[in-house]
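Below you'll find the structure, written out as structure tokens, and then a few comments.
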Amino acid sequence: MKHDCFRHPVTILVGLGFPAEIHGVRDAYAWLNEWPPSKRNATHAVALKACRAALEGEIEVETARGTFVAFARRANRLAPDTEAIVAGGGADARAQAGNSKSV
219 MKHDCFRHPV TILVGLGFPA EIHGVRDAYA WLNEWPPSKR NATHAVALKA
269 CRAALEGEIE VETARGTFVA FARRANRLAP DTEAIVAGGG ADARAQAGNS
319 KSV
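Counted from 1, the sequence shown has number 310 at position 92 by the working numbering; the numbering is strictly sequential.
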């Protein structure tokens, strides 16, 4: 496994709501750099800076992942399946989320 890969990919919504997986810091940094300048805010700046620091080995990759997830959530780009993983449930939480939809 490469040193800049996330433990779990982050699924974001791109384009017209299509899911895309961000597998590591390099992907997250590239995606953040493409974010329109007019829509950037403090959360974006923190996530971008954290990804850059992780690429330089200054902070842990999972710390940068957390800031990226926070930005994606605030920008309404975090896919619903990612929410279950962020909550700490992993595959079990995803299965429960799928079961709750049928209720």
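Think of the CB as a built atom: it goes at the ideal place given N, C-alpha and C, for glycine as much as any other residue.
If you follow the alpha helix (DSSP H) that R258 is in, where does it begin and where does it stop?
Numbered from its first residue, the sequence shown carries residue 258 at position 40. That residue, R258, is in no alpha helix (DSSP H); it is neither H nor E in DSSP.
Between V287 and the ligand HEM, is there a pair consisting of the residue's CB and a ligand heavy atom that are separated by less than 7 Å?
Although the ligand HEM was asked about, the structure shown includes no ligands whatsoever.
R295 by DSSP, collapsed to three states: which one?
Translated into positions along the sequence shown, residue 295 becomes position 77. Coil.
For the alpha helix (DSSP H) containing E252, list its first residue and its last residue.
Counting from 1 along the sequence shown, the entry for residue 252 is found at position 34. Here the alpha helix (DSSP H) through E252 covers 243-252.
Given 8 Å as the limit, is there contact between the region 256-264 and the region 279-289, that is, 3 or more CB pairs closer than that?
yes
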